[in-house]
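Asks: These protein sequence lines map, in sequence, to chains Z and W.
Take the first sequence: its position 77, counting from 1, is numbered 77 in our numbering, and each next residue is one higher.
Whatever position you read off the second sequence (first residue = 1), add 166 for our numbering.
Number of protein chains: 2
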Amino acid sequence: MSVKHSLLALIYEKPRHGYELKTGFESLVEGLWPLNAGQVYTTLDRLERDSFVESPGHDKKDRKLYTITQAGKEELWSWLNEPVGRSLFKEEFYIKFLCASHVSYDNKKTMIRNQKETILKDILHLTQLRKQMSLSGNDTMKLLIEGALLHLEADMKWLERIEEEL
Amino acid sequence: MSVKHSLLALIYEKPRHGYELKTGFESLVEGLWPLNAGQVYTTLDRLERDSFVESPGHDKKDRKLYTITQAGKEELWSWLNEPVGRSLFKEEFYIKFLCASHVSYDNKKTMIRNQKETILKDILHLTQLRKQMSLSGNDTMKLLIEGALLHLEADMKWLERIEEEL
DNA sequence: AGTAACTATTTACTGAGTATATAGATACCG
DNA sequence: CGGTATCTATATACTCAGTAAATAGTTACT
């Protein structure tokens, strides 16, 4: 869902071609979300079909350029404005935990320990990344990382809780 | 991803037919995740194709039954055991925030306020739900709700932080 | 000179999820 | 009793996000 609108945001900035959108997106997220090239082009097809972008033609190097339309701008603004609908229970670990309870799985302790381990790794990874962002002056990304860290800490806290209650 | 394995867990318990899986899944998640009927049958087709389930035939009411195979059990165990890979940055609000910064969107304050509002609503909703689960003695679900609440609180905290730093 | 990496696009495919059509059974309600 | 709404039950066509892989020209390295 967000790739489509991110591409729209990049095209809003200036006319762009497919490959430029791929690299643009990836640098926007500091390489943390590598994009499959195919997805860019099919998404562009859909955006064009829905009249959110249109092509003023190709550039000197024969790359198809895209510009954003009025409808595209409106789509972008409304996406930015509408709050994201979190689907509170679709978190995979919750479902796993429910299923484990259901089949009276006796390895819940291991499940939780494994999960805690990966979260710890993630925390270390993000802490390091935050430092990098701090040094390179990327304040927005630093903020996002701090958000992700708060999430992970909440996860840890919860896992410790349920571990006790087992 | 979790629907497939949840169905597997339900079939593990005992042989079941499609509709029973739909209702079984929904009652597993206390109706919080309504399942499209079509998804059940197509998922069953894929599970059968991959030899994770097989059909011993139809019941008296001509409903196709499914049982889990050895491969299916192994798939279920390994799913339960492997920790979920959180894709730290694919959280839609983060991407939105990045895009908003990128296009120098001047309504970030509104974005954040709207997001906080929906989170507050979710917190109220879940708090109420937790009470229900508490009364009906559904302790597992109560735990999950508490996990979701911790997440929401982390989100709130973060939104307040970035609001200040704006 | 050769090969590895980068730029650039296309196409076929899978899997999750939605929408909708169908149809028999049961429940309710005046 | 008749009608309608709801529940049980399955099937099918479709969209969209994302993956994999093929192709081909250019640049960089060694």
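Glycine included, C-beta positions come from ideal geometry on N, C-alpha and C.
For the segment 258 to 269 of chain W against the segment 68 to 82 of chain Z, are there 3 or more C-beta pairs whose distance is under 8 Å?
Replies: Short answer: they touch.
Asks: If you measure between the beta carbons of Leu246 (chain W) and Tyr232 (chain W), is that distance less than 9 Å?
Replies: No, the Cβ-Cβ distance between Leu246 (chain W) and Tyr232 (chain W) is not below 9 Å.
Asks: What's the gap between the Cα of Ile261 (chain W) and the Cα of Arg229 (chain W)?
Replies: Computed Cα separation, rounded: 45 Å.
Asks: Quick one: which chain W residues come within Cβ less than 7 Å of Tyr12 (chain Z)?
Replies: Within chain W, the residues near Tyr12 (chain Z) are Val269.
Asks: Counting only runs that start and end within the segment 27 to 108 of chain Z, where is the beta strand (DSSP E) found for 3 or more residues in a row?
Replies: Entirely contained in the segment 27 to 108 of chain Z, the beta strand (DSSP E) runs reaching 3 residues are, in chain order, 53 to 58 and 64 to 68.
Asks: Quick check on Asp288 (chain W): buried or exposed, where buried means 16 or more other Cβ atoms within 10 Å of its Cβ?
Replies: Classification for Asp288 (chain W): buried.
Asks: Taking the CB atoms as reference points, tell me whether Leu8 (chain Z) and Phe255 (chain W) lie closer together than 9 Å.
Replies: Result no, Cβ atoms of Leu8 (chain Z) and Phe255 (chain W) do not sit closer than 9 Å.
Asks: How far does the alpha helix (DSSP H) with Lys323 (chain W) in it reach, from first residue to last?
Replies: Lys323 (chain W) -> alpha helix (DSSP H) spans Asp305 to Glu331.
Asks: State the beta-bridge partners of His183 (chain W) as determined by DSSP.
Replies: Note: His183 (chain W) sits in a beta bridge opposite W:Leu231.
Asks: Less than 9 Å between the beta carbons of Glu26 (chain Z) and Met133 (chain Z), yes or no?
Replies: Contact: no.
Asks: Considering only their Cβ atoms, is the gap separating Asn114 (chain Z) from Pro249 (chain W) smaller than 9 Å?
Replies: Yes, these two residues count as a Cβ contact at 9 Å.
Asks: Would Phe218 (chain W) and Gly204 (chain W) be called neighbours here (beta carbons separated by less than 9 Å)?
Replies: Cβ atoms of Phe218 (chain W) and Gly204 (chain W): not closer than 9 Å.
Asks: Could you check which residue in W:Arg327, W:Glu326, W:Glu312 and W:Val269 has the C-alpha nearest to that of Glu165 (chain Z)?
Replies: Of the listed residues, the one whose Cα sits closest to Glu165 (chain Z) is W:Glu312.
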